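Novice: Below: one structure in structure tokens.
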Amino acid sequence: MKASFQATSLLILFFLQLPNHLIVSRRLTKPQPTPTPWPKQFHALLYMNLSSTHLQLSDLWYDWPKGRNVNIFQKQLDVVLYDIEWNNGTSFYYTVGEDAQCSVVDFGVGIPRPDFLDGAQYLGRVVTDGFLCDLWEKIDFIWYYEDVITKRPVRWDFFDGISSHVMTWEVDAVLPDSVVQAPEYCFTKIVDRNLFSA
Ligand SMILES: *[C@@H]1O[C@H](CO)[C@@H](O)[C@H](O)[C@H]1NC(C)=O
Ligand SMILES: *[C@@H]1O[C@H](CO)[C@@H](O)[C@H](O)[C@H]1NC(C)=O
Numbered sequence: 054m055k056a057s058f059q060a061t062s063l064l065i066l067f068f069l070q071l072p073n074h075l076i077v078s079r080r081l082t083k084p085q086p087t088p089t090p091w092p093k094q095f096h097a098l099l100y101m102n103l104s105s106t107h108l109q110l111s112d113l114w115y116d117w118p119k120g121r122n123v124n125i126f127q128k129q130l131d132v133v134l135y136d137i138e139w140n141n142g143t144s145f146y147y148t149v150g151e152d153a154q155c156s157v158v159d160f161g162v163g164i165p166r167p168d169f170l171d172g173a174q175y176l177g178r179v180v181t182d183g184f185l186c187d188l189w190e191k192i193d194f195i196w197y198y199e200d201v202i203t204k205r206p207v208r209w210d211f212f213d214g215i216s217s218h219v220m221t222w223e224v225d226a227v228l229p230d231s232v233v234q235a236p237e238y239c240f241t242k243i244v245d246r247n248l249f250s251a
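Heads up, the final residue of the sequence shown is numbered 251 in my numbering, and it's a clean run with no missing numbers.
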């Protein structure tokens with residue numbers, strides 16, 4: 054349980070960067086849909102059901118040009134946890150306010166590329182969350198549901214049981230730099246890593 058939150062993040066970062074030739078290719082009889090690449094910059098509000106069945110909201114701010122992926126998690130009836138991931142492999146996890154905590158982790162890999170779903174295997178059409186979606190799976194790691202009409206993602210699930218449901222999807226939205234500046238105590242204080250477990 055301890056540090057499992059970070060372990061999950063590491064796996065996500067790792068698997069999404071595997072080269073596509075590792076994907077089992079199938080002989081296709083007709084052209085199949087491919088996932089729409091992520092916009093270079095977007096903001097999404099996610100409703101997440103964790104493997105523990107605890108719930109959280111996430112403000113996801115993906116920014117490929119700036120080389121950062123930000124999740125601001127509102128844990129149900131609990132803390133707000135900032136997760137600032139940089140393309141150089143460093144991630145900052147911190148809370149603010151009373152009893153603020155911070156943990157700095159070097160994952161050694163960067164954020165997902167906009168085309169991280171390239172090479173995913175098409176599984177067909179399904180209805181999820183009330184939307185007709187195309188569904189892909191990549192290396193038994195992520196199941197990705199995209200609206201057939203609008204091509205927006207509706208949901209993605211990770212192998213470990215975490216599911217994310219896309220509530221808003223704002224292409225080109227950018228988080229101000231001031232929000233992602235890690236607080237001073239990230240560089241000075243010893244942390245309680247328990248805080249950051251899923
Ligand atoms: C969360 O996921 C679990 C396991 O799939 C499911 O049983 C539960 O109903 C879900 N809870 C919510 C609120 O979606
Ligand atoms: C990665 O980039 C962030 C943001 O610019 C910086 O705070 C961090 O120290 C960098 N990490 C390394 C290992 O250079």
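All C-beta atoms, glycine included, are put in the ideal place defined by N, C-alpha and C. Being a predicted model, the structure only gives us computed values, none of them experimental.
May I ask you to report which of helix, strand or coil DSSP gives E237?
Specialist: Correct three-state label for E237: helix.
Novice: Identify which residue in Q94, L134, G183 has its Cα closest to the Cα of D168.
Specialist: Selected option, being the one with the closest Cα: Q94.
Novice: Are the segment 223-243 and the segment 101-118 touching, with three or more C-beta to C-beta distances below 8 angstroms?
Specialist: Contact holds: three or more Cβ-Cβ distances are below 8 angstroms.
Novice: Taking the CB atoms as reference points, tell me whether P88 and D187 lie closer together than 9 angstroms.
Specialist: Yes, the pair counts as a contact, with Cβ atoms nearer than the cut-off.
Novice: Can you tell me whether R178 is buried or exposed? The criterion is at least 16 other CB atoms within 10 Å of its CB, across all chains shown.
Specialist: With fewer than 16 Cβ atoms within 10 Å of its Cβ, R178 is classed as exposed.
Novice: Can you tell me whether S78 is buried or exposed? The criterion is at least 16 other CB atoms within 10 Å of its CB, across all chains shown.
Specialist: Interpretation of S78 is limited by its pLDDT of 47, a score under 50 that renders its predicted location unreliable; the figure taken from the coordinates is listed afterwards. With fewer than 16 Cβ atoms within 10 Å of its Cβ, S78 is classed as exposed.
Novice: Runs of 3 residues minimum, wholly inside the segment 131-166: which ones carry the beta strand (DSSP E) assignment?
Specialist: Qualifying beta strand (DSSP E) stretches, in chain order: 133-139, 143-147, 155-159.
Novice: What I want to know is whether the C-beta of T181 ends up closer than 8 angstroms to one or more non-hydrogen atoms of ligand 3.
Specialist: This structure simply doesn't include ligand 3; it includes ligand 1 and ligand 2 instead.
Novice: Does the separation of the CB atoms of H96 and V207 fall below 9 angstroms?
Specialist: Contact flag unset, no.
Novice: Have a look at Q129, V123, D213 and flag the residue whose alpha-carbon is nearest the alpha-carbon of F136.
Specialist: In the sequence on display, residue 136 carries Asp and not Phe. It is V123.
Novice: Are W196 and W209 closer than 9 angstroms when you measure CB to CB?
Specialist: In this structure, W209 lies closer than 9 angstroms to W196 by Cβ.
Novice: Quick check: is any heavy atom of ligand 1 less than 8 angstroms from the C-beta of L130?
Specialist: False, no ligand heavy atom lies under 8 angstroms from that Cβ.
Novice: Can you tell me whether DSSP reads V232 as helix, strand or coil?
Specialist: Helix.
Novice: For V224, list the residues DSSP reports as bridge partners.
Specialist: According to DSSP, which records beta bridges pairwise, V224 is partnered with F95.
Novice: Less than 9 angstroms between the C-beta atoms of A109 and Y238, yes or no?
Specialist: According to the sequence as given, residue 109 is Gln; it is not Ala. Not a contact, by the Cβ cut-off of 9 angstroms.
Novice: Taking the Cβ atom as the reference point for each residue, do D193 and S104 lie within a distance shorter than 9 angstroms?
Specialist: The answer is no: Cβ separation not under 9 angstroms.
Novice: If you count every other CB in all the chains shown that lies within 10 Å of the CB of L75, and 16 or more means buried, which is it?
Specialist: The predicted model places L75 with a pLDDT of 43, which falls under 50 and marks its position as unreliable, so this point remains unresolved.
Novice: Would you report the Cα separation of Y100 and I125, rounded to the nearest angstrom?
Specialist: Going by the C-alpha atoms only, they are around 12 angstroms apart.
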